[in-house]
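**Q**
In my numbering, the protein residues as written are 611 to 703.
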């Protein structure tokens with residue numbers, strides 16, 4: 611499937627401040643190292659708390675490579691597979 615750049619940008623935003631969506635997801639993927647993993651494997655988060663939460667770290671860091679390029683599987687209209695992760699990697703790295 612071919613993704614226009616504007617659609618890739620809209621998906622890319624799910625890699626920031628994604629703690630809530632990741633908690634609701636069964637799987638995640640990193641578009642830097644192309645690994646997939648369960649949300650429970652994520653141990654490190656970055657940035658400050660959201661205004662309604664005292665929990666620090668709202669953006670996931672990949673448990674395999676440590677980069678903040680983690681996407682939850684529950685993005686509307688997206689099948690989070692290796693081909694899609696590779697397309698994002700080619701666009702952003």
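Using N, Cα and C, we set each Cβ at its ideal position, and we do this for glycine too.
1. State the start and end residues of the unbroken beta strand (DSSP E) segment that holds residue 681.
2. How far does the beta strand (DSSP E) with residue 638 in it extend, from its first residue to its last?
3. Give me, in chain order, the residues of the same chain whose beta-carbon lies closer than 8 Å to that of residue 632; leave out the 5 immediate sequence neighbours on both sides.
4. Give the DSSP-derived three-state secondary structure of residue 647 in the structure shown.
5. Can you check which of these residues, 676, 655, 675, is closest to residue 666 by C-alpha distance?
6. Does the beta-carbon of residue 617 have 16 or more other beta-carbons within 10 angstroms, so that it is buried, or is it exposed?
7. Is it the case that the Cβ atoms of residue 668 and residue 623 are separated by a distance below 8 Å?
**A** In this structure, then:
1. Here the beta strand (DSSP E) through residue 681 covers 680-682.
2. Per DSSP, residue 638 belongs to the beta strand (DSSP E) from 638-640.
3. Around residue 632: 638, 649, 652, 670, 680, 682.
4. Of the three classes helix, strand and coil, the one that applies to residue 647 here is strand, per DSSP.
5. Out of 676, 655, 675, 655 has the C-alpha closest to the C-alpha of residue 666.
6. Here residue 617 is exposed, its C-beta having fewer than 16 other C-beta atoms within 10 Å.
7. Their beta carbons are not under 8 Å apart, which means residue 668 does not touch residue 623 by this criterion.
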